[in-house]
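Using the UniProt record's numbering, read the sequence shown as starting at 1 and increasing by one per residue.
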Amino acid sequence: MHERSAGAGLGLALLSAVTFATSGTFARSLIEAGWSAEAVVVARVGIAALVLAVPAVLSLRGKGAVLRRTLGPVSVFGLLGVATAQACFFNAVRYLPVGVALLLEYLGIILVVAWMWLVHGQRPRRLTVVGSVAALAGLAFVLDLTGAGRLDPVGVLWGLGAGVGLAGYFVLAARVDPALPSVAMASGGMAIGAAVLALLGLVGVLPLRATFGDVEFAGQHTSWLVPIVGLSLVAAVIAYQAGIAATRILGARLSSFVGLTEVMFAVLIAWLVLGELPTVVQLLGGALIVAGVALVRLDELRGDRVERSDTPAEEPALT
Numbered sequence: 001m002h003e004r005s006a007g008a009g010l011g012l013a014l015l016s017a018v019t020f021a022t023s024g025t026f027a028r029s030l031i032e033a034g035w036s037a038e039a040v041v042v043a044r045v046g047i048a049a050l051v052l053a054v055p056a057v058l059s060l061r062g063k064g065a066v067l068r069r070t071l072g073p074v075s076v077f078g079l080l081g082v083a084t085a086q087a088c089f090f091n092a093v094r095y096l097p098v099g100v101a102l103l104l105e106y107l108g109i110i111l112v113v114a115w116m117w118l119v120h121g122q123r124p125r126r127l128t129v130v131g132s133v134a135a136l137a138g139l140a141f142v143l144d145l146t147g148a149g150r151l152d153p154v155g156v157l158w159g160l161g162a163g164v165g166l167a168g169y170f171v172l173a174a175r176v177d178p179a180l181p182s183v184a185m186a187s188g189g190m191a192i193g194a195a196v197l198a199l200l201g202l203v204g205v206l207p208l209r210a211t212f213g214d215v216e217f218a219g220q221h222t223s224w225l226v227p228i229v230g231l232s233l234v235a236a237v238i239a240y241q242a243g244i245a246a247t248r249i250l251g252a253r254l255s256s257f258v259g260l261t262e263v264m265f266a267v268l269i270a271w272l273v274l275g276e277l278p279t280v281v282q283l284l285g286g287a288l289i290v291a292g293v294a295l296v297r298l299d300e301l302r303g304d305r306v307e308r309s310d311t312p313a314e315e316p317a318l319t
């Protein structure tokens with residue numbers, strides 16, 4: 001991985017994490033106004049898919065063969081990385097504290113490391129293991145988990161399902177044919193995810209409930225369209241586009257670890273917009289997440305140097 005492209009990949013991954021982190025702040029105003037969480041998700045990814053539809057179609061001109069051979073993987077991405085991850089998470093919070101549900105979802109990052117090891121033979125090196133432990137420990141601090149008592153096993157299963165969906169997002173985003181434009185993958189995946197969630201709502205599996213009056217956002221009364229636009233354009237269009245592009249550059253493992261910073265950014269955004277001041281424990285957790293990501297990044301760089309040194313000059317190393 002060239003240094004310039006690696007830097008661009010990290011920048012895109014951080015942009016994705018920041019924009020994804022805004023979703024909770026935008027969604028809270030809608031949920032408090034009477035929206036069901038599932039309706040918020042359908043609106044978020046459905047509108048985003050429509051916004052990206054035209055550029056997605058334009059990007060596919062002359063690439064009919066690419067579209068045909070990637071239709072299956074993109075469908076799986078939409079089902080697993082979009083619909084499953086979000087539906088399972090919102091079902092988990094019906095039974096568990098939000099912090100516990102988030103922690104279970106982010107266990108999907110460990111699944112990415114395990115997947116790359118068991119399926120692709122990419123055994124994690126020592127620094128990756130240390131970075132994994134540090135990042136997950138930091139995540140626990142940022143979520144500021146306290147004794148939650150006995151956990152409902154149904155909620156735990158939903159939370160683990162969200163983790164599988166999150167792992168699928170990173171792995172599939174990295175593995176889909178690079179000839180497929182990122183905008184087409186993002187639009188297609190979100191369209192499929194929104195359609196599946198809407199269908200589950202129509203058959204009564206998930207509640208779909210929405211109101212269309214004023215909401216309270218950032219301490220001000222405003223139209224419900226304000227958080228909807230933020231969710232669909234900032235927390236979906238930009239977030240998914242940047243995330244997919246970053247994963248294609250950095251690979252599933254590193255991009256998933258950078259994605260951990262989403263939690264830290266979410267805490268900071270809630271502080272700035274909602275006045276929720278982070279605790280000292282949460283700030284410590286943020287520092288651990290950054291340290292964990294830095295260790296994984298260092299390990300990736302060291303691994304790339306070893307691969308290049310072992311590869312003949314006429315055959316550039318693949319990353």
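For each residue, glycine too, the CB sits at the ideal point set by N, CA and C.
Distance, residue j Cα to residue i Cα
{"i": "V171", "j": "F212", "result": "37 Å"}
{"i": "G78", "j": "A235", "result": "16 Å"}
{"i": "A195", "j": "A294", "result": "38 Å"}
{"i": "R68", "j": "V203", "result": "30 Å"}
{"i": "A114", "j": "G168", "result": "12 Å"}
{"i": "S29", "j": "F217", "result": "6 Å"}
{"i": "M185", "j": "P227", "result": "25 Å"}
{"i": "L107", "j": "T247", "result": "18 Å"}
{"i": "G173", "j": "S223", "result": "For the record, residue 173 in the displayed sequence is Ala; it is not Gly. Whole-angstrom Cα-Cα distance: 34 Å."}
{"i": "A8", "j": "V263", "result": "21 Å"}
{"i": "G188", "j": "A179", "result": "15 Å"}
{"i": "Y95", "j": "I31", "result": "17 Å"}
{"i": "P153", "j": "F89", "result": "14 Å"}
{"i": "V119", "j": "G251", "result": "15 Å"}
{"i": "G131", "j": "A92", "result": "27 Å"}
{"i": "M116", "j": "R123", "result": "7 Å"}
{"i": "residue 320", "j": "V129", "result": "Residue 320 lies beyond the stretch modelled for the chain, which goes from 1 to 319, so this question has no answer here."}
Whole-angstrom C-beta distance between residue j and residue i, which should lie under 8 Å
{"i": "L127", "j": "D299", "result": "4 Å"}
{"i": "V142", "j": "V267", "result": "6 Å"}
{"i": "G201", "j": "E38", "result": "6 Å"}
{"i": "G193", "j": "A83", "result": "4 Å"}
{"i": "V183", "j": "L104", "result": "The pair is not a contact, with the Cβ atoms about 31 Å apart (cut-off 8 Å)."}
Contact under 7 Å by Cβ, residue i with residue j
{"i": "A270", "j": "T25", "result": "yes"}
{"i": "G159", "j": "A101", "result": "yes"}
{"i": "L60", "j": "A245", "result": "no"}
{"i": "A242", "j": "S16", "result": "yes"}
{"i": "S232", "j": "I47", "result": "yes"}
{"i": "residue 350", "j": "A198", "result": "Residue 350 is absent from the structure shown; the chain starts at 1 and stops at 319."}
{"i": "G161", "j": "G285", "result": "no"}
{"i": "I289", "j": "T261", "result": "yes"}
{"i": "T70", "j": "V176", "result": "yes"}
{"i": "A65", "j": "L166", "result": "no"}
{"i": "A21", "j": "F265", "result": "yes"}
{"i": "A191", "j": "A87", "result": "no"}
{"i": "P207", "j": "S36", "result": "yes"}
{"i": "V40", "j": "A27", "result": "yes"}
Cross-strand partners of residue i (DSSP beta bridge)
{"i": "E216", "result": "H221"}
Residue range of the unbroken alpha helix (DSSP H) whose run includes residue i
{"i": "A53", "result": "37-59"}
{"i": "Y95", "result": "No alpha helix (DSSP H) holds Y95; DSSP gives it neither H nor E."}
{"i": "Q241", "result": "239-250"}
{"i": "F77", "result": "Per DSSP, F77 belongs to no alpha helix (DSSP H) and is neither H nor E."}
{"i": "residue 334", "result": "Residue numbering for the chain in the displayed model covers 1 to 319; residue 334 lies beyond these limits and cannot be assessed."}
{"i": "L30", "result": "23-32"}
{"i": "G259", "result": "Per DSSP, G259 belongs to no alpha helix (DSSP H) and is neither H nor E."}
{"i": "G62", "result": "First-last for G62: undefined, no H or E at that position."}
Cβ of residue i within 7 Å of any chain B Cβ
{"i": "V280", "result": "No chain B appears in the structure shown, which is made up of a single protein chain."}
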